[in-house]
Structures are given as structure tokens and as C-alpha cells.
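Below is one structure; the comments refer to it alone.
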Amino acid sequence: MKRSFKGNFTQQEPIPEAGIEAALAVLGHGRLHRYNLAEGETGEVALLEEEFAAFTGAKYALAVASGGYAMGCALRAVGVKAGDKVLSNGFTLAPVPGAIASVGAEPVFVETTEALTIDLDDLAAKAEQSGSKVLLLSHMRGHICDMDALMQICDHAGVAVIEDCAHTMGGGWDGVPSGRHGIVACYSTQTYKHINSGEGGFVVSDDDELMARAIILSGSYMLYPRHKARPPVEVFEKVKYVTPNISGRMDNLRAAILRPQLADLPRQVERWNRLYRVTEESLRNTPGLKVIERDPKEQIVGSSIQVLMPQARPEKIQTVITNCKARGVELKWFGAEVPVAFTSRYDSWRYAPAQRLPKTDAILAQLLDMRLPLTFSEDDCRLIASIIREEVMDAA
Ligand SMILES: *Cc1c(COP(=O)(O)O)cnc(C)c1O
Numbered sequence: 004m005k006r007s008f009k010g011n012f013t014q015q016e017p018i019p020e021a022g023i024e025a026a027l028a029v030l031g032h033g034r035l036h037r038y039n040l041a042e043g044e045t046g047e048v049a050l051l052e053e054e055f056a057a058f059t060g061a062k063y064a065l066a067v068a069s070g071g072y073a074m075g076c077a078l079r080a081v082g083v084k085a086g087d088k089v090l091s092n093g094f095t096l097a098p099v100p101g102a103i104a105s106v107g108a109e110p111v112f113v114e115t116t117e118a119l120t121i122d123l124d125d126l127a128a129k130a131e132q133s134g135s136k137v138l139l140l141s142h143m144r145g146h147i148c149d150m151d152a153l154m155q156i157c158d159h160a161g162v163a164v165i166e167d168c169a170h171t172m173g174g175g176w177d178g179v180p181s182g183r184h185g186i187v188a189c190y191s192t193q194t195y196k197h198i199n200s201g202e203g204g205f206v207v208s209d210d211d212e213l214m215a216r217a218i219i220l221s222g223s224y225m226l227y228p229r230h231k232a233r234p235p236v237e238v239f240e241k242v243k244y245v246t247p248n249i250s251g252r253m254d255n256l257r258a259a260i261l262r263p264q265l266a267d268l269p270r271q272v273e274r275w276n277r278l279y280r281v282t283e284e285s286l287r288n289t290p291g292l293k294v295i296e297r298d299p300k301e302q303i304v305g306s307s308i309q310v311l312m313p314q315a316r317p318e319k320i321q322t323v324i325t326n327c328k329a330r331g332v333e334l335k336w337f338g339a340e341v342p343v344a345f346t347s348r349y350d351s352w353r354y355a356p357a358q359r360l361p362k363t364d365a366i367l368a369q370l371l372d373m374r375l376p377l378t379f380s381e382d383d384c385r386l387i388a389s390i391i392r393e394e395v396m397d398a399a
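Position one of the sequence shown corresponds to residue 4 (our numbering), numbered consecutively onward.
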């Protein structure tokens, strides 16, 4: 009899006890708004920002309402205006082009390599053709391109880099934490990311004026002195009358839940990577399947895994997905004609000017994607991989 997997691909771990206790304390005193502080109190949000700045090595950090908000805020703080063109990945998730559209700008999509990273040759070409001065770089599914080469291209072209680190919080490139190459980086603390407050996000930067603008944009009124991981107050004088308030703050309840999770993240990253390596090893050398070889310079966070089915026809891929699903294994396919759940393709984002990305199309057509929540054990991952392996070989 064929074995099935019984686990749940969208079940995360519970909030740690320390987070529950801290949340109850916030509920108990009722000061949920970040600026609602008792005498001498710093507040959970300001403390979390300090801790997140230290975690990434950034000078400044701002906690906000979502990862999508963080990206819109970063684009505004960098100075993107309606009608501007913004370079971004052809392979990413909907909140990325959505953030660009939210400021009235136009996404210019860049091709994808077989390593699932942004195509640097296409980036250089499109930076020149489009004249765009901003790249919203998505480290989609945790795949980090050669950041030294990317920064060289962008610096040369005068392109400011905003990093979308929704899938790389806790990861890095060649010893540098993810989010520390560009001028500003964005993170998400939504339930399916690496720390979980339901909704939430961060903006980090070393740039004084950019960060002062971001803090005012987030809805700080004139209470920005209450932030800890912020530029000096004088910097705000330059921007406070000309920067609109577009409220998207984080609250003390979410921050209370996040602080213990952030402290625990390095240990969680190790656990994710063990699940990832077990799954990767069990899938490697499957005829008809190609694992994505990771660059040794990448410090990964293996919270999901992607594999390619090179040259497979769509019907065959559909068969593998259907048969895996019948055995409890949920694979996502970026080649589907119609967007499903969280997965959509650049040609579904029709508010953006129509663009053709043949290389990206060819890769997405073969790409299978799977979450690895920490509620899975290494044995679960071996079972899941053996099911995929059997179904890929059966479909051959
Ligand atoms: C989740 C996600 C975001 C941010 O999402 P929110 O749901 O707004 O927190 C940004 N980029 C990518 C690639 C994501 O997956």
C-alpha cells in the first residue's frame, strides 16, 4: 500500500510561552498603541525595533503593520513617485508588484535564472533601457543572488536597491545578513514567514533621512522621539513638514509576541535548515527532478523548498501534483495558467504594463514549491520526499 503524509503544510508552531505571557501583560495594562506609554516606559514596539536593528546590524529599524506596508513605505522613503519605473523580479509574490502599484509606479520585471534568482544580465540591460533608478529586489523563496555582483551593477547604473527579505529574515550572503546590501530592507512577520505576529513587518536602514521619512510616513505624528532605533531628532526637522502620515504602525501586542521569537530565531533557522537538507538529500538523484543547488555563499533559511521538473509537459506536472495531493503532499506550481491561493505569476498582475519574460516562463513552467513548517519532523520530510520521488518516477 502507498504511504500517505498526514501533516499540515500551513500549521506553524504555537507562540512561545514567553510571548503569550508578554502579550497577556500588554492586554492587562491596555496600552496597545505604541505611543501609549506609562511614565518611564519604552514600550514593546520600541524595544523590538532596537532588538531587530541589533539582529540585522542596521543602525535603524521601524516596525510596521505588514511586509507589504514596509515595501510601500520604503519606496516612498526612497522618493519613488507616481509614473516612475521600478525594477523588480519577474518571479515573486503579489505584494511586491502590489507595493510598486500602491505608489502609482510601474513595475519593470526582470528575468529569472535556474537558481531562481534575479538574472543579473537582464537587470543590467533593463536598468539601462528603462532608465529606472530603483530596484525592489525580492529574495523570493529565500534564493539570494550574488549580492556583490548585483550591487556592482546597481551602483554603476545609479540604481537604489530596496531588499524584500520576506523569505530571508535570519539568512545572509557571504557573512552579511540579508537586507544589509541595499539602502533599505523590508521584512514580514506574517504567519507564514520566519517569526509570526499574524501581520507585521520591518523596515531597516542606515540612512538618516530615509529612515526619518519612513518613521514619519508610518504614522509617528510628532512622537518620533519615543523611538529608540531612530536617527537623531535634528534629522526629523528636515523632513517633518513635507512627509505625509500614511499610518501603518505596529502595536505593542504584536511586538510582545515577536520579541521572544526574534531571540529564538537563530535556533529556528538551524531547525529549518535541518528539515531542508533532509528533504533535499532525499529528493536528489530522482530521475526527472532537479534540486536547486545552493551557492555556498548563501546562508539559507530553509522554510520552503523548490525543485524543477526539467522538460516535463504540463500534463505530467499536473499528474504529479494531483497524485502527491492524494497522498497528503501539497505542492505548488508556478506554471498554472490561473493563479491559485498565494501563487500567481507576473502575467496575472495586469495593472502593470504587459511584459514578456521567456526565460522566467520556462523556469516557472517546471517549478514545484513546498513549505517546510517547523511542525514537521525530519522523518516527516523523508516521507514527503519519498512520496514526491515515487510520484515523479511513476509519472515518467
Ligand atoms: C509575504 C511576502 C511579502 C510581505 O507580505 P505581507 O503579507 O504584506 O506581510 C513580501 N514579499 C514576499 C515575497 C512575500 O512572500
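The beta carbon of each residue, even a glycine, is placed where N, CA and C say it ideally should be.
Residues that DSSP places opposite residue i in a beta bridge
i	result
residue 60	Note: residue 60 sits in no beta bridge, so no partner.
residue 165	139 and 187
residue 372	309 and 335
residue 66	205
residue 1	Summary: the structure shown does not reach residue 1, with the chain confined to residues 4 through 399, and so no result is reported for it.
residue 302	175
residue 92	113
residue 180	175
residue 6	BP columns for residue 6 are empty, so no partner.
residue 252	67
residue 243	DSSP lists no partner for residue 243.
residue 293	311
residue 343	346
Pairwise C-alpha distance: residue j and residue i
i	j	result
residue 41	residue 141	39 Å
residue 318	residue 397	13 Å
residue 66	residue 374	26 Å
residue 102	residue 5	44 Å
residue 362	residue 337	14 Å
residue 225	residue 251	15 Å
residue 312	residue 236	54 Å
residue 324	residue 369	12 Å
residue 172	residue 190	7 Å
residue 279	residue 17	21 Å
residue 91	residue 112	5 Å
residue 179	residue 168	13 Å
residue 366	residue 315	11 Å
residue 165	residue 273	27 Å
residue 54	residue 188	16 Å
residue 285	residue 263	33 Å
residue 149	residue 123	9 Å
residue 231	residue 340	47 Å
residue 303	residue 246	37 Å
residue 25	residue 19	10 Å
Beta-carbon proximity check, residue i vs residue j, cutoff 8 Å
i	j	result
residue 147	residue 176	yes
residue 207	residue 289	no
residue 294	residue 287	yes
residue 390	residue 332	yes
residue 21	residue 81	no
residue 326	residue 37	no
residue 47	residue 259	yes
residue 125	residue 114	yes
residue 79	residue 220	yes
residue 94	residue 386	no
residue 85	residue 49	no
Residue environment, residue i, which counts as buried when at least 16 other CB atoms sit within 10 Å
i	result
residue 27	exposed
residue 151	exposed
residue 240	exposed
residue 87	buried
residue 39	exposed
residue 244	exposed
residue 77	buried
residue 328	exposed
residue 182	buried
residue 99	buried
residue 196	buried
residue 61	buried
residue 184	buried
residue 11	exposed
residue 30	exposed
residue 52	buried
Residues near residue i in its chain [Cβ-Cβ closer than 6 Å; skip 5 each side]
i	result
residue 127	156
residue 335	346 and 372
residue 435	Shown here, the chain extends from 4 to 399; a query on residue 435 therefore has no answer.
residue 97	347
residue 351	342
residue 381	281
residue 349	93 and 112
Same chain, Cβ closer than 7 Å to residue i, neighbours up to 5 away in sequence not counted
i	result
residue 234	63, 211, 214 and 215
residue 354	104
residue 75	102, 105 and 106
residue 58	265
Same chain only: Cβ atoms within 8 Å of residue i, ignoring 5 sequence neighbours per side
i	result
residue 144	119, 170, 307, 309 and 372
residue 393	5
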